[in-house]
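Visitor:
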Amino acid sequence: MLVILTFLPSLRAGDIEGTIIIQRKLTKRKVTPSADFYQRGAAVELGSDPDQDPLAFERSHVVIYLDGNFGARGNNTAELNQKDRRFSPDLVVIPAGSSVSFANLDPIFHNVFSLSKAKSFDLGNYPKDQSRTVTFAKAGIVFVDCHLHPNMSAVIVVTPNRWSTKADGSGRFVLSDVRSGTYTIVAWHRSAGFFRKTVHVNESGHATVDFTIPLDEDGIVQQARQ
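In this text, residue positions in the sequence shown follow this note's numbering: the first is 105, and each later residue adds one.
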């Protein structure tokens, strides 16, 4: 018996590269109460950010991802620790289906909770060296806080697929191994909200897209909670 095999050409994969352009500071200064407000047991020094260009900070807090439910779901676990009375890091990006572990590394009690539409939970209060893990089945923006320490806040961006990243301090980003086709690419910043563009990855396997993230006319930024 003669068997004829037909091989279909595969779609080529390439990179989507781009730049986040931010020309003004977006994040409002956070005012933290004195340390005495937090002394419930051992004294814990409040952590501080390393010296960084304010605009580099803003660019590095932009998440970029492809919109759409395609590709395999995530199954990895990211870490969002509680250290020096802060969440570290303060921004985590995971694909839907992945988990985040919340370890308490301070010698005081901490709490982790969220009232976000994408995922609502309250892990209660727990001491040093204990951890809790939450799985995020649905894409969305999850704002995380601590009942015991109002200055503590972080964001988990749950993306609909594995093509996601954060920009670096210069604003550069790359989404790798994207098959040729037309996509909606999304950029999100906590203070500025969502920005969307259409991008076409051609057969040569490459595309370029830039985002300019502005303030409104009055210089007032509304937080993009959902």
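For every residue, glycine included, the Cβ atom is placed at its ideal position computed from N, Cα and C.
(1) DSSP state of PHE161, grouped into three classes?
(2) Can you give me the C-alpha to C-alpha distance between PHE141 and PHE213, rounded to a whole angstrom?
(3) Is it buried or exposed, THR316, if we count other Cβ atoms within 10 angstroms and call 16 or more buried?
(4) Below 8 Å on the Cβ atoms is my contact criterion, and I expect VAL238 with ILE120 to pass it. Report the Cβ-Cβ distance as a whole number of Å.
(5) What residue range is occupied by the uninterrupted beta strand (DSSP E) comprising TRP292?
(6) In whole angstroms, what is the alpha-carbon distance linking SER295 and LYS232?
(7) If you draw a straight line from the C-alpha of ASP249 to the C-alpha of SER218, how long is it?
(8) Which one of SER284, ARG177, GLU307 and HIS293 has the shortest CA to CA distance from VAL246?
(9) Would you please state the rounded distance, in angstroms, between the beta carbons of GLY244 and SER220? I believe it to be under 8 Å.
(10) Let me confirm a value: PRO113 is counted as buried when at least 16 other C-beta atoms fall within 10 Å, else exposed. Which label applies?
(11) Would ASP171 pass as a contact of VAL290 if the rule is Cβ separation under 8 Å?
(12) Kindly indicate the opening and closing residues of the beta strand (DSSP E) around PRO199.
(13) May I have the straight-line CA-CA distance separating ALA182 from VAL167, to the nearest angstrom?
(14) How about ALA271 and ASP194: are their beta carbons less than 8 Å apart?
(15) Could you tell me the alpha carbon to alpha carbon distance between ARG190 and ILE125, rounded to whole angstroms?
Guide: With the given structure in hand:
(1) Sequence index remark: in the sequence shown, residue 161 carries index 57 (1-based). Three-state result, PHE161: helix.
(2) Locating residue 141 in the sequence shown gives position 37, where the first residue counts as 1. Locating residue 213 in the sequence shown gives position 109, where the first residue counts as 1. With a pLDDT of only 48 at PHE141, under 50, the local geometry of the prediction cannot be trusted, and no value is derived from it.
(3) Sequence index remark: in the sequence shown, residue 316 carries index 212 (1-based). Exposed, since its Cβ has fewer than 16 Cβ neighbours within 10 Å.
(4) If you number the sequence shown from 1, residue 238 lands on position 134. If you number the sequence shown from 1, residue 120 lands on position 16. Not confirmed; about 30 Å, so no contact.
(5) Residue numbering aside, residue 292 sits at position 188 when the sequence shown is read from its first letter. Its beta strand (DSSP E) spans residues 285-293.
(6) Residue numbering aside, residue 295 sits at position 191 when the sequence shown is read from its first letter. Residue numbering aside, residue 232 sits at position 128 when the sequence shown is read from its first letter. When rounded, the distance between both Cα atoms is 32 Å.
(7) In the sequence shown, the residue the question calls residue 249 occupies position 145. In the sequence shown, the residue the question calls residue 218 occupies position 114. Whole-angstrom Cα-Cα distance: 6 Å.
(8) Numbered from 1 along the sequence shown, position 142 holds the residue referred to as residue 246. Checking every option, the nearest Cα to that of VAL246 belongs to HIS293.
(9) Within the sequence shown, residue 244 is the residue found at index 140, counting from 1. Within the sequence shown, residue 220 is the residue found at index 116, counting from 1. The Cβ separation is near 7 Å, so the contact holds.
(10) As a first step, residue 113 must be located in the sequence shown, where it is residue number 9. For PRO113, the pLDDT reaches just 40, beneath the cut-off of 50, and the residue's location in the model is therefore unreliable, although a value from the coordinates is still provided. PRO113 is exposed by the Cβ-count criterion.
(11) Position 67 of the sequence shown, counted from the first residue, corresponds to residue 171. Position 186 of the sequence shown, counted from the first residue, corresponds to residue 290. Yes, Cβ-Cβ distance for ASP171 and VAL290 is below 8 Å.
(12) One-based indexing of the sequence shown puts residue 199 at position 95. First-last of the beta strand (DSSP E) with PRO199: 195-199.
(13) Translated into positions along the sequence shown, residue 182 becomes position 78. Translated into positions along the sequence shown, residue 167 becomes position 63. Approximately 16 Å between the Cα atoms of the pair.
(14) For the purposes of this step, residue 271 is taken as the residue at position 167 of the sequence shown. For the purposes of this step, residue 194 is taken as the residue at position 90 of the sequence shown. No, Cβ-Cβ distance for ALA271 and ASP194 is not below 8 Å.
(15) To locate residue 190, count along the sequence shown from 1; it is residue 86. To locate residue 125, count along the sequence shown from 1; it is residue 21. Roughly 28 Å separates the two Cα atoms.
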